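Numbering (UniProt numbering), first residue to last: 1 to 272. Glycine included, C-beta positions come from ideal geometry on N, C-alpha and C. As the structure is a prediction and not an experimental result, all values here were calculated from the model. See structure below.
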Amino acid sequence: SLWGGLCPPPAATWLSQTLAGAVDRVCGSGKNTARRKVAWHAPRYATAPVYAQGGDDSLGMLDEAATMAKSTFPIKPAELIEKAKSVLASEFGTKEGDDGSCLAEDFQFVAPIIGPLSKGEFTRAFGSFKIKDAIPDIKDNSWFHVDPLEPNRVWFFSRATGTHTGILNFGGNKIQGTGQEIRSPPQAQSMLFDEQGKVYTLTVGYCMDKRIGNTEGLGGVFGILKAVGKALPFPEAQRLYNPSLRFEAFEHVAKAVEAGGYDPNTRKRLPA
Numbered sequence: 001s002l003w004g005g006l007c008p009p010p011a012a013t014w015l016s017q018t019l020a021g022a023v024d025r026v027c028g029s030g031k032n033t034a035r036r037k038v039a040w041h042a043p044r045y046a047t048a049p050v051y052a053q054g055g056d057d058s059l060g061m062l063d064e065a066a067t068m069a070k071s072t073f074p075i076k077p078a079e080l081i082e083k084a085k086s087v088l089a090s091e092f093g094t095k096e097g098d099d100g101s102c103l104a105e106d107f108q109f110v111a112p113i114i115g116p117l118s119k120g121e122f123t124r125a126f127g128s129f130k131i132k133d134a135i136p137d138i139k140d141n142s143w144f145h146v147d148p149l150e151p152n153r154v155w156f157f158s159r160a161t162g163t164h165t166g167i168l169n170f171g172g173n174k175i176q177g178t179g180q181e182i183r184s185p186p187q188a189q190s191m192l193f194d195e196q197g198k199v200y201t202l203t204v205g206y207c208m209d210k211r212i213g214n215t216e217g218l219g220g221v222f223g224i225l226k227a228v229g230k231a232l233p234f235p236e237a238q239r240l241y242n243p244s245l246r247f248e249a250f251e252h253v254a255k256a257v258e259a260g261g262y263d264p265n266t267r268k269r270l271p272a
């Protein structure tokens with residue numbers, strides 16, 4: 001915090017929030033910031049699960065085909081996947097010459113830290129990055145699956161790779177090519193489609209194994225910036241997970257209990 005060296009944490013937080021509130025009132029900003037997020041879309045389609053027969057019922061494994069057969073969403077899974085691939089090929093409607101009609105007017109972009117962003121906010125931001133120019137050899141290495149319980153959602157998983165040889169635009173800055181290889185961790189991403197086949201929600205950047213790649217477990221543009229040595233100057237853009245001091249203290253207490261011969265989870269003595 002700006003005030004961290006001058007005030008104890010509660011006072012520093014109050015001062016920071018007060019200053020931010022004053023700026024918002026003067027500038028008319030703050031309508032979709034960290035503490036005042038707009039509501040994201042509620043689910044529009046859901047299918048009751050049909051469970052596989054003959055397995056362990058306690059696991060609740062789905063019979064995917066039978067569950068999907070109960071869907072009332074008008075677009076079939078194979079067609080929906082092709083639509084998702086077309087949206088990716090159009091660079092989410094920002095590719096030169098594309099009119100952006102693949103995105104619904106009520107579109108929202110929702111990432112782990114950023115969002116929800118409106119259609120205009122997202123297309124302006126993503127279109128300005130020029131990812132393909134910055135990383136000409138980028139490969140998403142994607143595969144696709146329709147969610148049987150939410151049949152208007154296409155999940156697509158990726159393990160993107162590429163080399164930063166071109167100019168990456170970010171925040172008004174032009175980051176010259178570094179020659180740095182980019183290896184993203186596996187990311188779970190999704191598109192939610194309306195009945196007209198337009199995307200009304202895009203989720204990206206949800207990493208599934210922070211050990212993989214060279215982005216410190218970060219996905220999306222945050223991961224690219226981290227890999228090329230231009231990470232943004234706040235904890236959320238440094239690595240997937242930054243433990244708090246409170247968590248570290250809790251962890252040390254648990255290890256001390258374990259060193260004393262007790263299991264911190266059960267509070268019972270460990271076997272000799």
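| Item | Value |
| --- | --- |
| Assigned secondary structure, His145 (DSSP; H/G/I helix, E/B strand, else coil) | strand |
| Asp63 in three-state terms, based on DSSP | coil |
| Assigned exposure category for Thr72 - 16 Cβ within 10 Å defines buried | exposed |
| Terminal residues of the beta strand (DSSP E) in which Ile182 lies | 180-183 |
| Member of Val110, Met68, Arg124 whose CA lies at the smallest distance from the CA of Lys95 | Arg124 |
| Spatially closest choice to Lys130 from Trp155, Cys207, Ile224, Ala104, by CA coordinates | Ile224 |
| Reference Gly120, options Glu236, Ala134, Leu103, closest by Cα | Leu103 |
| Distance, Leu88 Cα to residue 300 Cα | For the chain, the structure presents residues 1 to 272; residue 300 sits outside this window and is missing. |
| Own chain partners of Pro112 with C-beta closer than 7 Å, once the 5 adjacent residues on each side are dropped | Gly205, Tyr206 |
| Segment contact, 8 Å Cβ cut-off, at least three pairs: the stretch 180-199 with the stretch 224-242 | yes |
| Strand pairing of Asn169, partner residues [DSSP] | Lys174 |
| Inter-residue spacing [alpha-carbon to alpha-carbon] between Glu236 and Ser128 | 22 Å |
| Neighbourhood of Pro136 by C-beta distance below 7 Å, restricted to the same chain and skipping five residues each side | Thr165, Gly166 |
| Backbone CA spacing between Gly177 and Tyr200 [nearest angstrom] | 34 Å |
| Residue nearest to residue 278 in terms of C-alpha spacing, selected from Leu218, Ala69, Ala39, Ala160 | As displayed, the chain neither begins before 1 nor continues past 272, which places residue 278 out of reach and without an answer. |
| Distance between Trp155 and Phe92 (C-alpha atoms, nearest Å) | 15 Å |
| Backbone CA spacing between Gly115 and Lys37 [nearest angstrom] | 8 Å |
| Identified DSSP bridge partners for Gly162 | Ile182 |
| Given Asp140 as reference, the closest of Lys85, His41, Phe234 once Cα atoms are compared | Lys85 |
| Neighbour-count burial assignment, Lys198, 16 or more Cβ in a 10 Å radius | buried |
| Cβ-based neighbour list, Lys83, same chain, cut-off 7 Å, excluding 5 preceding and 5 following | Phe193, Gly197 |
| Inter-residue Cα distance where the pair is Leu59 and Val50 | 13 Å |
| Distance CB(Glu150)-CB(Tyr45) smaller than 8 Å | yes |
| Own chain residues within Cβ distance below 8 Å of Pro271, not counting five before or after | none |
| Rounded distance between the beta-carbons of Phe126 and Trp143, thought under 8 Å | Wrong, their Cβ atoms sit about 22 Å apart, outside the cutoff. |
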